[in-house]
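S.K.: To start, I am sharing the structure in question, which I have written as C-alpha coordinates.
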Amino acid sequence: MRYRDEVRGLAFLESALPGAGFETLWNCSQRNDGFTFVPFPLMGESDSAGDTTADLLKGRESVYLHHLWDSFTGDKEAAPFAAWSPYVAAMSRPGIAVSSSSYYRAAYRTAEQVQKLIGQRLEVSVLAIAGEKGIGHNHEALVRAFAADLRGNIILPGAGHFLAEERPAEVVAGLKTFLSHGAAST
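So in the numbering used here the end of the sequence shown lands on 187, straight run, no missing numbers.
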(Lines of atoms letter the chains of each structure in order from A and count residues from 1; the text may use other names and numbers.)
(Lines give C-alpha, C1' and ligand atoms only; values in the text may rest on other atoms or scores of the structure.)
Protein backbone atom coordinates (compact mmCIF):
# COMPACT_ATOMS: atom_id res chain seq x y z
CA MET A 1 0.00 0.00 0.00
CA ARG A 2 3.01 2.26 0.46
CA TYR A 3 4.56 1.26 -2.89
CA ARG A 4 1.53 1.41 -5.16
CA ASP A 5 3.57 2.46 -8.20
CA GLU A 6 5.80 -0.62 -7.93
CA VAL A 7 3.08 -3.29 -7.73
CA ARG A 8 1.20 -4.59 -10.78
CA GLY A 9 -0.96 -7.11 -8.96
CA LEU A 10 -1.44 -8.81 -5.64
CA ALA A 11 -2.45 -12.35 -4.74
CA PHE A 12 -3.76 -12.46 -1.17
CA LEU A 13 -3.98 -16.02 0.16
CA GLU A 14 -5.91 -16.92 3.31
CA SER A 15 -4.92 -13.79 5.17
CA ALA A 16 -6.18 -10.55 6.62
CA LEU A 17 -4.56 -7.21 7.33
CA PRO A 18 -4.63 -5.79 10.83
CA GLY A 19 -6.62 -2.57 10.53
CA ALA A 20 -8.61 -3.82 7.53
CA GLY A 21 -10.63 -6.56 9.17
CA PHE A 22 -8.14 -8.88 10.84
CA GLU A 23 -9.32 -7.64 14.21
CA THR A 24 -12.77 -9.09 13.47
CA LEU A 25 -11.14 -12.54 13.32
CA TRP A 26 -8.84 -11.93 16.28
CA ASN A 27 -11.68 -11.52 18.73
CA CYS A 28 -11.01 -12.95 22.16
CA SER A 29 -14.37 -11.91 23.63
CA GLN A 30 -15.83 -15.27 22.65
CA ARG A 31 -14.42 -18.76 22.28
CA ASN A 32 -12.45 -19.20 19.07
CA ASP A 33 -10.45 -22.43 19.13
CA GLY A 34 -8.56 -21.46 15.99
CA PHE A 35 -6.98 -18.49 17.72
CA THR A 36 -5.87 -20.19 20.93
CA PHE A 37 -2.26 -19.78 19.79
CA VAL A 38 -2.41 -15.96 19.45
CA PRO A 39 -1.31 -15.04 23.00
CA PHE A 40 1.70 -17.32 22.65
CA PRO A 41 3.62 -15.36 19.97
CA LEU A 42 2.70 -12.09 21.71
CA MET A 43 4.77 -12.98 24.77
CA GLY A 44 7.87 -11.40 23.25
CA GLU A 45 11.01 -10.45 25.08
CA SER A 46 11.26 -11.42 28.71
CA ASP A 47 12.92 -9.44 31.47
CA SER A 48 15.82 -11.86 31.26
CA ALA A 49 18.13 -12.14 28.27
CA GLY A 50 15.76 -14.17 26.09
CA ASP A 51 12.49 -14.24 24.23
CA THR A 52 9.69 -16.00 26.11
CA THR A 53 8.13 -17.52 22.99
CA ALA A 54 11.46 -18.78 21.67
CA ASP A 55 12.49 -20.07 25.09
CA LEU A 56 9.25 -22.03 25.52
CA LEU A 57 9.43 -23.44 21.98
CA LYS A 58 13.04 -24.60 22.10
CA GLY A 59 12.98 -28.37 21.65
CA ARG A 60 9.15 -28.34 21.40
CA GLU A 61 8.72 -26.91 17.92
CA SER A 62 6.91 -30.04 16.76
CA VAL A 63 4.33 -29.73 19.57
CA TYR A 64 3.60 -26.09 18.67
CA LEU A 65 3.41 -26.72 14.93
CA HIS A 66 1.24 -29.78 15.47
CA HIS A 67 -1.21 -27.54 17.35
CA LEU A 68 -1.27 -25.08 14.44
CA TRP A 69 -1.64 -27.92 11.93
CA ASP A 70 -4.45 -29.49 13.96
CA SER A 71 -6.27 -26.17 14.42
CA PHE A 72 -5.96 -24.77 10.90
CA THR A 73 -5.70 -27.69 8.46
CA GLY A 74 -9.03 -28.41 6.80
CA ASP A 75 -7.93 -31.50 4.87
CA LYS A 76 -5.56 -33.50 7.04
CA GLU A 77 -5.34 -36.33 4.46
CA ALA A 78 -4.10 -33.96 1.76
CA ALA A 79 -1.64 -32.36 4.18
CA PRO A 80 -0.61 -34.90 6.85
CA PHE A 81 1.50 -33.62 9.72
CA ALA A 82 4.28 -36.05 8.76
CA ALA A 83 4.86 -33.85 5.69
CA TRP A 84 5.57 -30.89 7.98
CA SER A 85 9.04 -32.10 8.97
CA PRO A 86 10.71 -29.29 6.92
CA TYR A 87 8.65 -26.72 8.87
CA VAL A 88 9.61 -28.31 12.19
CA ALA A 89 13.28 -28.25 11.14
CA ALA A 90 12.98 -24.61 10.05
CA MET A 91 11.25 -23.56 13.27
CA SER A 92 14.11 -25.18 15.20
CA ARG A 93 16.69 -22.82 13.67
CA PRO A 94 17.86 -19.89 15.83
CA GLY A 95 15.74 -16.76 15.47
CA ILE A 96 12.86 -18.38 13.56
CA ALA A 97 10.44 -18.53 16.50
CA VAL A 98 10.96 -14.81 17.10
CA SER A 99 10.67 -13.84 13.45
CA SER A 100 7.58 -15.99 12.89
CA SER A 101 5.95 -14.27 15.87
CA SER A 102 6.73 -10.79 14.57
CA TYR A 103 3.58 -10.56 12.42
CA TYR A 104 1.40 -10.96 15.50
CA ARG A 105 3.59 -8.77 17.67
CA ALA A 106 3.36 -5.94 15.15
CA ALA A 107 -0.38 -6.28 14.56
CA TYR A 108 -1.44 -3.39 16.78
CA ARG A 109 1.08 -0.94 15.32
CA THR A 110 0.42 -2.22 11.81
CA ALA A 111 -3.35 -1.80 12.25
CA GLU A 112 -2.94 1.92 12.82
CA GLN A 113 -0.75 2.24 9.73
CA VAL A 114 -3.13 0.23 7.53
CA GLN A 115 -6.17 2.22 8.70
CA LYS A 116 -4.45 5.39 7.49
CA LEU A 117 -3.55 3.81 4.14
CA ILE A 118 -6.89 2.17 3.24
CA GLY A 119 -8.59 5.53 2.85
CA GLN A 120 -7.37 5.11 -0.72
CA ARG A 121 -7.84 1.47 -1.67
CA LEU A 122 -5.36 -0.30 -3.92
CA GLU A 123 -6.15 0.09 -7.62
CA VAL A 124 -4.03 -2.85 -8.80
CA SER A 125 -5.64 -6.16 -9.67
CA VAL A 126 -6.05 -8.43 -6.66
CA LEU A 127 -6.77 -12.14 -6.42
CA ALA A 128 -8.13 -13.56 -3.16
CA ILE A 129 -7.82 -17.26 -2.36
CA ALA A 130 -9.13 -18.77 0.88
CA GLY A 131 -9.90 -22.16 2.31
CA GLU A 132 -13.53 -23.05 2.93
CA LYS A 133 -12.60 -24.25 6.42
CA GLY A 134 -10.19 -21.35 6.96
CA ILE A 135 -11.13 -17.71 6.57
CA GLY A 136 -13.52 -18.91 3.88
CA HIS A 137 -16.33 -16.64 2.80
CA ASN A 138 -15.14 -13.90 5.20
CA HIS A 139 -12.05 -13.46 3.03
CA GLU A 140 -13.71 -11.44 0.25
CA ALA A 141 -14.85 -8.64 2.58
CA LEU A 142 -11.42 -8.56 4.22
CA VAL A 143 -9.79 -8.07 0.82
CA ARG A 144 -12.36 -5.56 -0.46
CA ALA A 145 -11.54 -3.39 2.57
CA PHE A 146 -8.25 -2.43 0.88
CA ALA A 147 -8.64 -3.49 -2.79
CA ALA A 148 -10.72 -1.68 -5.40
CA ASP A 149 -10.09 -4.18 -8.22
CA LEU A 150 -10.80 -7.69 -6.93
CA ARG A 151 -10.41 -9.86 -10.05
CA GLY A 152 -11.16 -13.15 -8.37
CA ASN A 153 -12.26 -14.63 -5.09
CA ILE A 154 -11.52 -18.34 -4.95
CA ILE A 155 -12.78 -20.43 -2.04
CA LEU A 156 -11.11 -23.85 -2.05
CA PRO A 157 -13.59 -26.53 -0.89
CA GLY A 158 -12.48 -28.55 2.12
CA ALA A 159 -9.25 -26.59 2.58
CA GLY A 160 -8.26 -24.81 5.75
CA HIS A 161 -5.56 -22.19 6.26
CA PHE A 162 -2.62 -23.99 4.66
CA LEU A 163 -3.67 -23.68 1.03
CA ALA A 164 -0.36 -24.52 -0.62
CA GLU A 165 -0.13 -27.76 1.35
CA GLU A 166 -3.81 -28.74 1.13
CA ARG A 167 -4.66 -27.67 -2.42
CA PRO A 168 -1.38 -27.04 -4.30
CA ALA A 169 -2.74 -27.68 -7.81
CA GLU A 170 -5.71 -25.35 -7.30
CA VAL A 171 -3.52 -22.60 -5.83
CA VAL A 172 -1.06 -22.83 -8.74
CA ALA A 173 -3.88 -22.84 -11.30
CA GLY A 174 -5.49 -19.77 -9.73
CA LEU A 175 -2.18 -17.94 -9.58
CA LYS A 176 -1.24 -18.84 -13.17
CA THR A 177 -4.57 -17.58 -14.49
CA PHE A 178 -4.36 -14.37 -12.47
CA LEU A 179 -0.75 -13.65 -13.33
CA SER A 180 -1.25 -14.31 -17.03
CA HIS A 181 -4.52 -12.33 -17.30
CA GLY A 182 -5.57 -10.44 -14.19
CA ALA A 183 -2.36 -8.86 -12.95
CA ALA A 184 -0.77 -8.33 -16.35
CA SER A 185 -3.56 -6.12 -17.66
CA THR A 186 -2.99 -3.33 -15.16
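Backbone N, C-alpha and C fix where the C-beta goes; we use that ideal spot for every residue, glycine too.
1) Mapping DSSP to helix, strand and coil, what is K177?
2) Decide if K134 is buried, meaning its Cβ has at least 16 other Cβ atoms within 10 Å, or exposed.
3) Considering only residues of the same chain and omitting the five flanking positions on each side of M2, which have a CB-CB separation below 6 Å?
4) Report the residue from Q121, F163, S93, A149 whose alpha carbon sits nearest the alpha carbon of T137.
5) Pop quiz: F23 and A108 are said to be a contact at Cβ under 8 Å. What is the actual Cβ separation, rounded to whole angstroms?
6) Would you mind listing the beta strand (DSSP E) stretches within the stretch 66-142 that are 3+ residues and don't spill past its ends, in chain order?
7) Given 8 Å as the limit, is there contact between the stretch 111-128 and the stretch 56-66, that is, 3 or more CB pairs closer than that?
8) Once the 5 residues before and after A17 are set aside, which same chain residues still bring their CB inside 7 Å of it?
9) Kindly confirm or deny that the stretch 92-106 and the stretch 121-129 touch, where touching means at least three C-beta pairs closer than 8 Å.
M.R.: Let me spell this out:
1) Start at 1 with the first residue of the sequence shown, and residue 177 comes out as number 176. In this structure, K177 counts as helix in the three-state DSSP scheme.
2) Working through the sequence shown from its first residue, we reach residue 134 at position 133. So K134 counts as buried.
3) Numbered from 1 along the sequence shown, position 1 holds the residue referred to as residue 2. L118, listed in sequence order.
4) The residue given as residue 137 occupies position 136 in the sequence shown. Residue 137 is actually Gly in this sequence, not Thr. Here the closest residue by C-alpha is F163.
5) As a first step, residue 23 must be located in the sequence shown, where it is residue number 22. As a first step, residue 108 must be located in the sequence shown, where it is residue number 107. Right, the Cβ-Cβ distance comes to about 7 Å (below 8 Å), so this counts as a contact.
6) Runs of the beta strand (DSSP E) lying entirely within the stretch 66-142 and spanning at least 3 residues, in chain order: 123-132.
7) The answer is no - the stretch 56-66 does not touch the stretch 111-128, with fewer than three Cβ pairs under 8 Å.
8) The residue given as residue 17 occupies position 16 in the sequence shown. Correct list, in chain order: F23, L26, I136, L143.
9) no
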